[in-house]
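J.:
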Amino acid sequence: MTGTASISATDTTEHRPAPATTTVTEPDIRPVTDDGDHDRFAHYTRRADANRAYVEGTPVRALCGKVWVPSRDPSRYPVCPECAKIRERLRKRAFN
1 MTGTASISAT DTTEHRPAPA TTTVTEPDIR PVTDDGDHDR FAHYTRRADA
51 NRAYVEGTPV RALCGKVWVP SRDPSRYPVC PECAKIRERL RKRAFN
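What the sequence shown shows, in this note's numbering, is residues 1 to 96, in sequence order.
1. So, Trp68 versus Pro59, is the Cβ gap smaller than 8 Å?
2. In angstroms, rounded to a whole number, what distance separates the CA positions of Thr33 and Arg72?
3. Of the residues Pro70, Arg93, Cys64 and Arg91, which one's Cα is nearest the Cα of Cys83?
4. Give the range of the alpha helix (DSSP H) segment to which Asp49 is assigned.
5. Which class does Arg72 belong to by DSSP, given the choice of helix, strand or coil?
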């Protein structure tokens with residue numbers, strides 16, 4: 001048998017149109033660094049917890065229940081009224 005053999009490959013891949021592009025908008029997660037927060041107070045918490053938080057960057061819980069990582073000078077802000085009430089009650093109870 002003489003002649004040339006031809007081998008052809010059949011493309012079985014389905015041709016689908018490319019999916020429409022979408023734009024993913026990520027939220028802005030940069031920290032706010034201004035002092036415009038008028039709801040900011042100095043809170044009372046356990047001294048050991050506050051010291052650890054300043055060194056390790058761990059969150060603390062204030063007497064009023066607020067949980068945060070302290071990083072600012074508390075003397076620049078007014079004392080949280082709820083923390084002040086709770087602290088006064090605790091002091092009265094300790095001296096009675």
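All C-beta atoms, glycine included, are put in the ideal place defined by N, C-alpha and C. Predicted model only: the values in this text are computed from it and were never measured.
T.: According to the structure shown:
1. yes
2. Legend: pLDDT at Thr33 = 44, less than 50; position of this residue unreliable, no value from coordinates given.
3. Cys64
4. Arg47 to Glu56
5. coil
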